Amino acid sequence: MSDSGNTGELITLALKRAGVSHLFTLNGGHIWPILTAAVEHDIRIIDVRHEQSAAFAAEGWAKVTRECGVAAVTAGPGVTNAVTALAQASSGDSPMFVIGGRAPVSRWGMGSLQEMDHVAVVKTLTKKALTLESPDDAYGVAAECIRTALSRRTGPVFMDVPIDVFFGAADIPEATEHLTPDPGPPPDPDRIAETARSIREAKHPVVVAGAGVWWAHAEVELRELVENGQLPLIVNGMARGTLPPDHPLHFSRARSKALREADVVVVVGARLDFRLNFGQAPVFGDETRIIHIDVDRAEITGALKPAVAGLASGMRGPMAGGPDWLEALTEAESAGRRKDQAMLEADSEPIHPARLIAEVARFADPDAIIVGDGGDFVSFAGRLIERPKPGLWIDPGPFGALGSGPAYAMAAKLAHPNRQVILLSGDGAFGFSAMEFDTLVRHRVPVVCVIGNNGIWALEKHPMQSMLGTSVAADLAPGTSYDKVVEALGGHGERVERPVDIRPALERAFKAGVPACINVICDPSTEYPRSSVLM
Ligand SMILES: Cc1ncc(C[n+]2csc(CCOP(=O)(O)OP(=O)(O)O)c2C)c(N)n1
Ligand SMILES: [Mg+2]
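Residue numbering for the sequence shown follows my numbering, starting at 2 and increasing by one per position.
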C-alpha cells in the first residue's frame, strides 16, 4: 500500500521527477498546497512581487536552460497577471508550465472569491490548457503537462487546480517511467536530400537560423552544415551565438546584402515573420528561392536535429558557388563594422548608448549571460554585443514585452550562479518590473542592471516624430535616479554621467555582491539607425 499525499504534493512530486528545481510564485490561498509541498520536497521557491514576473522568470529559465520553467500563481488576478508572459512564451516557443489556483469546483458559478474561467482566457496562448479534476489525476496530468511543454514545437502549458481539488488527497504513485518529450516527426529524407542538392547547386546560398535550432539542441549540426558547405550564416533570436563572432561564416552587418542577393536561402527554425520581412521583397530578392525548414508550419517539416544533420551530410560533393560570394559578403561585413566604429568610441556627454554598450561588451566575460529589456537601447545592444555561444543573449523575442528583463536575469543567475548576468534595460522598460529588485535582494541573486537612461521612450519617440511629425506620450522625466530605487530596496546603485566612469562603475557593481543598478545618463537625441518599421 503506497502513501497518500494532497494534490499539491502529487504535482510537486511530478515536477521533481521531471527535474524541476525552482518554482516562481507569489502567494495566494488558492495555491498553498503546492507552496508547502515544494518546501517539503526541496524545490526552491522564488517569490516575486508581481505574477507577471513569476511567469517571465519561468520563461527565462526555459530560455537559458532549455528545461521547462514552472510558475504557480493564484486564482483570478494571479492568472491574469501571468497572461502576458504566456503570450510571450507562446510567440517564442518557450517551454513553461504555469499552475494556477482556481475557485472551488463545489461552488462553481456561485461567485467565489477570485472566481473566473482561466482556461478560456489562456487557451489560445498555450499548447494545452486544462483544469485538474481530481487528485487521482494530479501526478500523471502534471507530468504530461511538462512533457507537452518540452515536446516540439515547445511552448507554454497551463493547468489550474480548484482549491477543493488542491486540498484533496490520493495515493502517491509508485515510481513511474520518465516521460520523454517528443522531438517531432522524423523529417522526410528525400526532401532533405533535395534541399541539400538545391544548396549545392546555388551560386549564392545563405542559411538563416532562428530559435528553433536552439530549442531543438541542433546548434552543433547547424555548424556542421555551414562549415561543410561553406555557407554564410545569419542568425536571429535564440540562435545568436551559434557561430562565434570571428567565424568566417558568421554574418550580421552583411545581412541585407546576403538576403537580397541570395539565390537560395534556407531558413531553419525561424519564422518568416516581420524579422524576415515575411519572406518577401525587398528584403529578399524577387528571384530568391526560400526553403523553409521547421518542426512544423513550414514547407519542410520534422525534427530539426536530424533534418539539419541530414543537410550537413548532404554537403559533400561539388558546390556550384565559388569563393566570390563569401568574399563579397566578408567585404560588406567589414565595411559595416567599420561604419559602427565611430559610435562605439564616442566620447560625448550625455553618453552615446553605443559607447555604453561597447563598454559593457568589453567588460563581459565570454560566458556572461546578457539580458535585453528596452527599445532603442536594446537594439544597439543587439547589434553591437556578440556572443561566442548560443544561450548567452536573452531578450523578449518577437512578442516584445517590456518588463521581462529583471525576471529573465533572475532566472539566468539562478541557473548559472557562477556567471556574470547583465541586464541591459531602457529607462522606460525599467519602470515595469523595478520592484523585482526587492525579489533579487531577498533571494540574494546578484545581477547587475545597466540602464540606458535617455529620459524618453526612444524607440517610439523617434519614429513617431519622423513619421507623424510629432510625438505624443513619448517622454519620461530626464535623469530619474533609478539607482536610488535599487539602493532603497537593499541593492547597490550608482549614477554615471561620463564615459570614463562606466567601467569602474561596472567593476564596483560586480564586487558589491548584491543586485546592482548602474544608471547611465544617455543622449536622447541618438536614434537607432533602423532600416525598417517594426510592424
Ligand atoms: C509592454 C509593452 N508596452 C509598450 C511597448 C512599446 N514599446 C516598444 S519599445 C518602447 C520604448 C522603450 O523605451 P525604453 O525602455 O526607455 O528604451 P529606449 O527606446 O528609450 O532605449 C515602447 C514603449 C512594448 N513593446 N511592450
Ligand atoms: Mg528610454
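Backbone N, C-alpha and C define an ideal beta-carbon position, used for all residues, glycine too.
Computed from a predicted structure; not experimentally measured.
- ALA83 and GLU52 have their C-alpha atoms spaced approximately 6 Å apart.
- DSSP places ASN454 in the strand class (E or B) of the three-state scheme.
- ASN7 is bridged by DSSP to ALA170.
- Any heavy atom of ligand 2 counts here; residues with a Cβ closer than 6 Å to one of them, in chain order, are GLY427, ASP428, GLY429, ASN455, ILE457, TRP458 and ALA459.
- Contact annotation, GLY238 with ALA271: C-beta distance approximately 7 Å; criterion of less than 8 Å satisfied.
- When DSSP states are grouped into helix, strand and coil, PRO233 belongs to the coil group.
- Checking the 7 Å criterion, the Cβ of LEU425 is out of range of every heavy atom belonging to ligand 1.
- For the pair of segments examined, the stretch 50-68 was found to touch the stretch 396-405: the number of CB pairs separated by less than 8 Å reaches three.
- DSSP places LYS512 inside the alpha helix (DSSP H), whose first and last residues are 503-513.
- Sixteen is the threshold: when 16 or more other Cβ atoms of the shown chains lie within 10 Å of the Cβ of THR13, as they do, the residue is buried.
- A distance criterion of 7 Å places the beta-carbon of ASP118 beyond contact range of ligand 1, judged by its closest non-hydrogen atom.
- Pairwise C-beta distances place the stretch 149-166 out of contact with the stretch 277-286, as fewer than three of them are shorter than 8 Å.
- Secondary structure note for LEU425: its beta strand (DSSP E) is the uninterrupted segment 422-427.
- Boundaries of the alpha helix (DSSP H) harbouring ASP191: 190-202, taken from the DSSP string.
- Taking the Cα positions, VAL449 is about 27 Å away from VAL99.
- Burial state of ARG445 is exposed, judged by a 10 Å Cβ sphere holding fewer than 16 other Cβ atoms.
- Note on the stretch 65-141: whole beta strand (DSSP E) runs with a minimum of 3 residues are 70-74, 97-103 and 129-132, in chain order.
- Looking only at ARG154, ASP94, THR125 and PHE167, the smallest Cα-Cα distance to ASP138 is reached by PHE167.
- Sequence-distant Cβ neighbours of VAL487 in its own chain, meaning closer than 6 Å and more than five residues away, are PHE438, GLY494 and CYS518.
- Judged by the Cβ position, ALA176 fails to qualify as a neighbour of ligand 1 at the 7 Å threshold, every heavy atom of the ligand being at least this far.
- Non-local beta-carbon contacts of ALA210 in its own chain, meaning distances under 7 Å to residues more than five positions away in sequence, involve LEU223, LEU234, VAL236, ALA240, THR243, VAL269, GLY270 and ALA271 in chain order.
- Exclusion of the five residues before and after GLY456 leaves LEU477, PRO479 and PRO525 as the residues of its chain whose Cβ lies within less than 6 Å of its Cβ.
- Cβ neighbours of GLU300 within its own chain (closer than 7 Å, five residues either side excluded): ILE292 and HIS293.
- Contact annotation, ALA435 with TRP458: C-beta distance approximately 16 Å; criterion of less than 8 Å not satisfied.
- Taking one beta carbon from each stretch, the stretch 300-314 and the stretch 328-341 have fewer than 3 pairs nearer than 8 Å; the two do not touch.
- Scanning its chain for C-beta atoms nearer than 7 Å, with the 5 sequence neighbours on each side dropped, one finds around PHE433 the residues LEU403 and GLY404, in chain order.
- By the criterion of a C-beta distance shorter than 6 Å, ILE395 is surrounded in its chain by LYS64, VAL372 and TYR409, once the five residues flanking it on both sides are discounted.
- The stretch 308-315 makes contact with the stretch 178-196, as at least three CB pairs between them are under 8 Å.
- Contact between GLY70 and ALA413 does not hold, since their C-beta atoms are separated by about 11 Å, which reaches or exceeds 8 Å.
- For the stretch 216-294, the continuous alpha helix (DSSP H) assignments of 4+ residues that do not extend past its boundaries occur at 220-230 and 256-262, in sequence order.
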